Structure formats: C-alpha cells, structure tokens
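There are 2 protein chains.
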Amino acid sequence: MKNIIELLKENNIAPSMQRVKILEYLQNHKTHPTAYMIYQSLADEMPTLSKTTVYNTLKTFVEKGILVALTLFENEVRYEYNTEPHIHFKCTKCGKIYDLDKSFDYCTNDLIDGHKVLEHYVNLKGICKNCLVKAGA
Amino acid sequence: MKNIIELLKENNIAPSMQRVKILEYLQNHKTHPTAYMIYQSLADEMPTLSKTTVYNTLKTFVEKGILVALTLFENEVRYEYNTEPHIHFKCTKCGKIYDLDKSFDYCTNDLIDGHKVLEHYVNLKGICKNCLVKAGA
DNA sequence: AACTTGTTTGTAACGATTTCAAATTTGGAG
DNA sequence: CTCCAAATTTGAAATCGTTACAAACAAGTT
C-alpha cells in the first residue's frame, strides 16, 4: 500500500483532504466504482463533499495516469487504481466485476492491419464462479 | 444482403416501415452509428420519425439478436449488424472505428478462472493506418 | 491584513436515454 | 368495407451521468 500523499506529490497534485480520501477509497476498494459510488461512500465522512469535486478529482487522476477509467459494458465510467493490464469479467447474474490476470496477445505486436495499437481493453461477460455454484444447487 | 422483411418475420417482429428502414440503414452503413446518428440520417426521408421509435426499435433488435450493442470507449451506445465476432479498433485522431478480423483466444475455452464466458469484447485504441500516413507526410 | 493562487462547492446546463400517455396505424372479425 | 382491439409510433417530460461555471473558501506570500 503506497503512501498516498507521496504519490500525489510525485504527480504534482496538492494532497488536499478530498483528493487523499478519494484515492484512498480507490486503493481500498477494488470494485471498479463509478464516480457516484465513490461520492456516496465518502459522503458520510465528508458531509460537504461535492459531486463535482469527485468528478474533477477523478479526471485529474486519470490525466496523471494514477487511475484508469473504464467503460466496461454499460453507459457508466468506472475507475480503478492503475495496475498491470488485465481483463475484466462481468457477471450478468450478480453484476460483480472481476479482474482476471490473463495476458493478451495484442501486447506483443503493436501494429495490427497497419494500425498502431496504443491501448487495449478486453471485456468478458458471463456467469461467475459463485453464481454457477448457486444455480447448480 | 438478406431480405429484411423476411428477417423481421423470422424474429416475430412486425415489419413496419420504420423498423425496415432502421434495419436497412444498419445493413448499408457499417459505421457503428449511435441511435441519434440513425435518427438524423432517416429524418429527411421520414419527417415524422421519432427518436423514441429509433431507441425502441434498436432495443427490440438487440433483444432478438439481430443487432449488437457496443459500448466501445465513450459514453455512447453504438449499434452494428450482428456478424462474426471481431475486434474493434478506434482511431484517437480521426475517431473512425474499424472492424478487425482477428480472432481471439477466449473463444476456445469458455471457462476462465471458473467463470463461464458467454460474450467477449475486445477494443483497441490507437492511431489508424491513414492517420499514420498523414503524420509521416 | 490584503493578494494571489489553487481548490471546493452548489446550481444550472447538457446530452443520451427512458418513461409515459396520447395519437396513429394495422390487421383481423363481423 | 367498417369497426374494433391490439400493436406501433409519437412527442413531451423525466431521468441519469456528467460537465460548465461562477461564487465561496483555504493556504501561503508579501
């Protein structure tokens, strides 16, 4: 668990209360939350927190490469702490999103059909381990 | 090019004027249009066409498996005629979306880490062939 | 203490989509 | 052919996620 204040300073972001709390939340909750989920979760602790601040802060973090913004399947942007590239799997039963540590081949060659590939997103959809067990019971 | 009216009947969808026109548009324009783009394009020809009808119709088609709804990168749903699974590549310069005929490996085994995979979406982002040439000039 | 700069806030606006009820079209049954 | 019920379409209003903006606030300098 990296020191958040250090991390912000390294990226030339002033470590304000709200910025630290938001980044801390993402570090502790690897659930790919939306901006609104983050806002909701922090609202108790910080009653004056504004939704705009959450959006602004997330945007800043993405620009600096601290977070990754994902448009997985629906019409919502979700955020996760920047880690190694990986695959996302969404369960259509329970809605949970899993991180899968499979690597993919597009990494190896960065030219496909003459197009230069800079980013790649692999999203899978199906029924997760847990829901399969429940269905079998 | 499949007969659209037959296709609709096969799927128990009454082949109304607007439904035929919308599906015809998707057949003829493999540009991954949004609902609004489709609406715009058909508005000249059908002045009383409602946006709601376009949305309803697209939803019906997706439910029946005639179309595929894509959330590629931004916060917009795009539609394409249901074809073989393929990869989408979006150029960050010109914004164009390309279909790539690369197959992917997740097809082969439908269980990953115990999760049953039913759908897979692979989205690449980068600079397309044409924009690379322009940049080099 | 006044100034400057950066940050946060809340309200209003926005664009994509959905809801809803009324209007229209359609395809039978008489 | 005419009438009716069911399906379809329409347009206006509502909703949801997000952004724009301007005022309020905080922190550090001179």
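Protein chains in written order, with our numbering: chain S, 1 to 137; chain R, 1001 to 1137.
Yeah, the Cβ is synthetic: ideal placement off N, Cα and C, and Gly gets one too.
The structure displayed is predicted, hence computed values, not measured ones.
Residue environment, residue i, which counts as buried when at least 16 other CB atoms sit within 10 Å
{"i": "residue 94 of chain S", "result": "exposed"}
{"i": "residue 30 of chain S", "result": "exposed"}
{"i": "residue 1111 of chain R", "result": "exposed"}
{"i": "residue 38 of chain S", "result": "buried"}
Terminal residues of the alpha helix (DSSP H) in which residue i lies
{"i": "residue 1062 of chain R", "result": "1051–1064"}
{"i": "residue 1084 of chain R", "result": "Here residue 1084 of chain R belongs to no alpha helix (DSSP H), and DSSP marks it neither H nor E."}
{"i": "residue 1022 of chain R", "result": "1017–1028"}
{"i": "residue 176 of chain S", "result": "Outside the shown range of chain S, which is 1 to 137, sits residue 176 of chain S, and nothing can be said about it."}
{"i": "residue 38 of chain S", "result": "35–43"}
Proximal chain R residues relative to residue i, where beta-carbon distance stays under 9 Å
{"i": "residue 67 of chain S", "result": "Going along chain R, no residue has its Cβ under 9 Å from residue 67 of chain S, so there is no contact; the nearest lies around 16 Å."}
{"i": "residue 118 of chain S", "result": "1092, 1124, 1125, 1126, 1127"}
{"i": "residue 100 of chain S", "result": "1112, 1113, 1115"}
{"i": "residue 58 of chain S", "result": "What residue 58 of chain S touches in chain R: nothing, since even the nearest Cβ is about 14 Å away."}
{"i": "residue 42 of chain S", "result": "Simply none; closest approach about 23 Å."}
{"i": "residue 89 of chain S", "result": "1112, 1113, 1115, 1117"}
Within chain S, partners of residue i - CB distance below 9 Å
{"i": "residue 1075 of chain R", "result": "71, 75, 76, 77"}
Span of the beta strand (DSSP E) around residue i
{"i": "residue 1126 of chain R", "result": "1115–1127"}
Top-ranked residue by Cα proximity to residue i, from the options
{"i": "residue 41 of chain S", "options": "S:25, S:11, S:77, S:59", "result": "S:25"}
{"i": "residue 126 of chain S", "options": "R:1121, R:1075, R:1100, R:1117", "result": "R:1117"}
{"i": "residue 1016 of chain R", "options": "R:1067, R:1089, R:1046", "result": "R:1046"}
{"i": "residue 102 of chain S", "options": "S:132, S:113, S:54, S:88", "result": "S:88"}
{"i": "residue 1096 of chain R", "options": "R:1113, R:1082, R:1078", "result": "R:1078"}
{"i": "residue 1020 of chain R", "options": "R:1033, R:1032, R:1006", "result": "R:1006"}
Residues bridged to residue i (per DSSP)
{"i": "residue 1080 of chain R", "result": "R:1068"}
{"i": "residue 101 of chain S", "result": "Answer by DSSP bridge pairing: none, since residue 101 of chain S is not bridged."}
{"i": "residue 93 of chain S", "result": "Its beta-bridge partners do not exist; DSSP assigns none."}
Proximal chain R residues relative to residue i, where beta-carbon distance stays under 7 Å
{"i": "residue 114 of chain S", "result": "1129"}
{"i": "residue 55 of chain S", "result": "Simply none; closest approach about 13 Å."}
{"i": "residue 132 of chain S", "result": "1116"}
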